[in-house]
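Protein chains: 2
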Amino acid sequence: MIPEILREHNAQFFVMYDSSRNANFYYSTGFQIPDPAFYMIGDDGTDLLVVSEMEKRRAERESKVKEIASLNDIGFYEIYKELKDPHIALAQTLYELIRTHGGKKILVPREFPSFLSFYFKERMDVEVIPNPFSRLRMIKRGNEIEKIRQTSKAILEAMDFTLKIIRKVSSCEELRNKIEVFLFKKGFLAENTIVSSGTLSADPHYIGMGEIEDHLIVDIFPRSRENLYFSDFTRTVLLNDNAEIAEMLEAVIEAKNKAISIIHDGVLASEIHNLVCDVLEGKGYGTLRKKSVEGFLHSTGHGIGLEVHEEPRIYMNDEVIRKGMVFTVEPGLYYRKIGGVRVEDTVVVKKDGCEVLTPYRDFIKITGV
Amino acid sequence: MIPEILREHNAQFFVMYDSSRNANFYYSTGFQIPDPAFYMIGDDGTDLLVVSEMEKRRAERESKVKEIASLNDIGFYEIYKELKDPHIALAQTLYELIRTHGGKKILVPREFPSFLSFYFKERMDVEVIPNPFSRLRMIKRGNEIEKIRQTSKAILEAMDFTLKIIRKVSSCEELRNKIEVFLFKKGFLAENTIVSSGTLSADPHYIGMGEIEDHLIVDIFPRSRENLYFSDFTRTVLLNDNAEIAEMLEAVIEAKNKAISIIHDGVLASEIHNLVCDVLEGKGYGTLRKKSVEGFLHSTGHGIGLEVHEEPRIYMNDEVIRKGMVFTVEPGLYYRKIGGVRVEDTVVVKKDGCEVLTPYRDFIKITGV
């Protein structure tokens with residue numbers, strides 16, 4: 001795929017400079033590295049990762065890149081001694097590396113750091129493109145789907161656990177901590193797990209603090225500590241009778257399930273999103289599509305994999321949904337005077353439909369103590 | 370500080386586009402946000418954070434930025450409808466925002482994404498500078514030092530725990546997992562904790578797998594799950610007689626302690642690093658300074674705080690060490706046929722010396738079963 005893109009843009013190399021915190025970098029190199037490294041893919045078969053001396057042998061062993069060089073190997077220290085500034089020295093060393101390989105025009109991803117791209121651009125042709133690996137990562141391979149399935153399974157166990165202890169905890173933060181410790185022991189890292197109640201739950205990303213009131217949003221999105229794949233799941237739990245909240249919850253459940261029912265290879269992201277908006281607007285709720293500032297305030301969903309938010313976005317866009325894509329379907333309703341509700345599943349797209357990786361009952365009401 | 374830099378560069382705004390995964394973004398805005406947002410600081414007192422609609426109210430409540438706007442507020446959706454591409458629409462919207470505020474020249478940090486900087490540069494003056502917050506963050510305030518102290522304390526408890534169970538585990542990965550679960554329950558997140566043994570421990574960042582042999586490097590660098598501050602600590606444990614390893618360990622302990630003894634307000638980073646190299650070279654070991662490919666292969670240390678690796682770097686550079694800086698001192702020796710050893714403390718610089726935040730015995734030998 002990269003060679004085609006290079007030819008299309010008349011360029012010789014696609015380059016990245018990042019740590020493995022960038023999922024595209026990790027996906028393409030197969031290498032976990034805490035500090036930024038330089039990766040260069042050429043139309044001539046070049047597949048070269050440049051790391052510090054101390055990472056060289058580990059990169060040779062653990063990464064899937066063909067050729068590994070250290071900064072030492074490509075002459076960084078001589079240039080550093082001369083130029084003094086390590087960042088300019090790095091830019092100059094990498095520039096010379098690209099030129100030596102015959103590079104006249106390079107492609108860089110959107111997130112490429114400006115200190116390098118500006119330096120390069122003064123000396124050669126540089127074009128910014130969407131990172132091709134973001135697109136490649138959209139369609140999951142079988143082993144990736146299995147990894148997301150494992151994480152999904154752990155989430156559902158955590159949800160069972162949540163319901164078991166929900167009446168025994170005294171605050172949202174206590175419940176969040178118990179959920180996160182439960183998952184960590186099983187090998188999954190959940191951070192900023194949303195356990196929010198009361199009117200402040202009207203902010204979709206508010207993680208929740210204090211007393212558990214009439215209802216509780218539980219949004220769990222851990223990744224495997226072993227293989228790094230995420231999954232994402234939300235349920236809203238009713239703990240007391242509250243007609244307004246219950247009605248909102250019925251609405252988002254209907255919107256979610258209708259949306260899931262139309263997902264298949266070939267549907268447009270916008271069809272899914274518009275269906276969710278149709279259902280919610282039909283019941284009199286506001287949506288961002290209608291420029292409401294309360295109601296359904298976010299997109300219908302997002303791809304999930306090595307990142308918790310990745311492509312495709314399920315929104316007003318014309319993305320064609322394809323077999324093998326994994327994403328969330330998560331309608332929510334948010335009103336400042338009432339609070340928020342949301343239900344969310346992670347699905348994998350099949351030819352004629354989709355499979356819900358997080359099957360769990362939708363309407364959860366817990367009564368009594 | 371930002372106004373001075375702006376005046377110096379004849380610019381009106383310093384801008385960032387990042388999520389709170391960028392420590393500078395989190396430090397300057399005080400806002401935890403998973404997706405990128407736009408932050409703009411002006412010489413005219415502008416202090417403006419642009420987030421999506423769904424994050425607006427949370428940003429107003431949780432961030433320390435003066436003014437919050439949503440993409441909606443600044444006209445993104447109209448431009449998106451017209452231009453179709455969300456990235457170009459974002460660039461155009463932000464460009465118009467800067468122009469409306471009177472911006473003719475802006476400063477961006479090194480890590481600023483190229484898709485925005487290239488778009489801006491075609492329309493106004495853009496200069497890349499080192500992120501000023503990286504420098505500001507070097508000198509820790511009292512409450513930051515307290516946070517690093519809390520994390521350090523948890524690390525030492527984890528080290529006690531490690532020594533207690535070291536003979537009872539069957540592999541490096543089992544020990545790593547037990548250490549990480551121990552810390553997680555206490556409120557600290559450790560990832561990629563290094564528990565490495567045998568010859569592969571000659572790779573400084575190899576996290577360790579399989580059997581525990583004659584010696585074990587234990588490198589623990591968690592952050593508080595509550596306040597996000599890291600600390601960093603390493604000890605090498607001898608489990609069997611091994612004269613070569615023991616000798617290497619004595620050498621790095623001597624190098625570490627001599628280095629710590631000269632740290633005070635005003636010393637140069639290079640003086641600390643060169644002293645470590647002098648000690649190790651004096652005992653016949655190689656160093657990167659001498660272009661050896663085995664021996665002491667990395668820098669003497671790195672700043673620590675909201676990032677596990679941050680400024681200052683303790684290396685061959687002329688950084689003047691100042692009161693309030695917190696960094697590691699971590700000489701190591703790495704030989705492929707023998708393995709690696711390392712000891713590491715985190716210190717905070719005082720006027721006339723430094724305080725070790727991770728006081729623990731250096732030479733650890735465990736004999737018997």
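Residue numbers (the numbering used here), protein chains in the order written: chain A, 1 to 369; chain B, 370 to 738.
Note that CB positions come from ideal geometry on N, CA and C, so glycine has one too.
Select from the options the residue whose C-alpha is nearest the C-alpha of residue i.
i, options, result
"residue 170 (chain A)", "A:208, A:112 and A:233", "A:208"
"residue 396 (chain A)", "A:356, A:298, A:251 and A:350", "Past the boundaries of the shown model lies residue 396 (chain A); chain A is included only from 1 to 369, so the question cannot be answered."
"residue 415 (chain B)", "B:634, B:638 and B:382", "B:382"
"residue 235 (chain A)", "A:365, A:30 and A:31", "A:365"
"residue 202 (chain A)", "A:298, A:102 and A:55", "A:298"
"residue 739 (chain B)", "B:496, B:597, B:503 and B:536", "Because residue 739 (chain B) is not part of the residues shown, which for chain B are 370 to 738, the question remains open."
"residue 11 (chain A)", "A:2, A:23, A:19 and A:17", "A:2"
"residue 677 (chain B)", "B:471, B:403 and B:507", "B:507"
"residue 352 (chain A)", "A:262, A:194 and A:53", "A:262"
"residue 310 (chain A)", "B:399, B:384, B:564 and B:405", "B:405"
"residue 584 (chain B)", "B:590, B:612, B:554 and B:591", "B:612"
"residue 219 (chain A)", "A:82, A:237 and A:144", "A:237"
"residue 117 (chain A)", "A:17, A:82 and A:31", "A:17"
"residue 469 (chain B)", "B:409, B:399 and B:555", "B:409"
"residue 594 (chain B)", "B:373, B:397, B:376 and B:401", "B:401"
"residue 81 (chain A)", "B:534, B:686, B:547 and B:496", "B:686"
Reducing DSSP to helix, strand and coil, say where residue i ends up.
i, result
"residue 603 (chain B)", "strand"
"residue 689 (chain B)", "strand"
"residue 77 (chain A)", "helix"
"residue 336 (chain A)", "coil"
"residue 361 (chain A)", "coil"
"residue 113 (chain A)", "strand"
"residue 503 (chain B)", "helix"
"residue 312 (chain A)", "strand"
"residue 215 (chain A)", "strand"
"residue 325 (chain A)", "strand"
"residue 647 (chain B)", "helix"
"residue 663 (chain B)", "coil"
"residue 121 (chain A)", "helix"
"residue 560 (chain B)", "coil"
"residue 736 (chain B)", "coil"
"residue 473 (chain B)", "coil"
"residue 127 (chain A)", "strand"
"residue 330 (chain A)", "coil"
"residue 375 (chain A)", "As shown, chain A starts at 1 and ends at 369. That puts residue 375 (chain A) outside it, with no answer to give."
"residue 54 (chain A)", "helix"
So, under 8 Å CB-CB, residue i and residue j are touching, yes? Tell me the CB distance rounded to an integer number of Å.
i, j, result
"residue 525 (chain B)", "residue 727 (chain B)", "6 Å"
"residue 695 (chain B)", "residue 673 (chain B)", "6 Å"
"residue 231 (chain A)", "residue 93 (chain A)", "Not a contact, Cβ separation roughly 41 Å."
"residue 648 (chain B)", "residue 624 (chain B)", "4 Å"
"residue 710 (chain B)", "residue 618 (chain B)", "5 Å"
"residue 59 (chain A)", "residue 306 (chain A)", "That pair is no contact at about 19 Å."
"residue 657 (chain B)", "residue 53 (chain A)", "6 Å"
"residue 332 (chain A)", "residue 204 (chain A)", "6 Å"
"residue 466 (chain B)", "residue 437 (chain B)", "Wrong, their Cβ atoms sit about 13 Å apart, outside the cutoff."
Could you check if residue i is buried or exposed, using at least 16 other CB atoms within 10 Å of its CB as the buried criterion?
i, result
"residue 131 (chain A)", "buried"
"residue 689 (chain B)", "exposed"
"residue 635 (chain B)", "exposed"
"residue 478 (chain B)", "buried"
"residue 545 (chain B)", "buried"
"residue 719 (chain B)", "exposed"
"residue 424 (chain B)", "buried"
"residue 641 (chain B)", "buried"
"residue 106 (chain A)", "buried"
"residue 57 (chain A)", "buried"
"residue 198 (chain A)", "buried"
"residue 193 (chain A)", "buried"
"residue 314 (chain A)", "buried"
"residue 713 (chain B)", "buried"
"residue 458 (chain B)", "buried"
"residue 532 (chain B)", "exposed"
"residue 295 (chain A)", "buried"
"residue 111 (chain A)", "buried"
"residue 448 (chain B)", "buried"
"residue 516 (chain B)", "buried"
| Of all the alpha helix (DSSP H) runs that stay within the bounds of the region 507 to 550 of chain B, which reach a length of 4 or more residues? | 511 to 534
| request: Return the chain-ordered ranges of every alpha helix (DSSP H) run that is complete within the region 225 to 273 of chain A and spans a minimum of 4 residues. | output: 243 to 261
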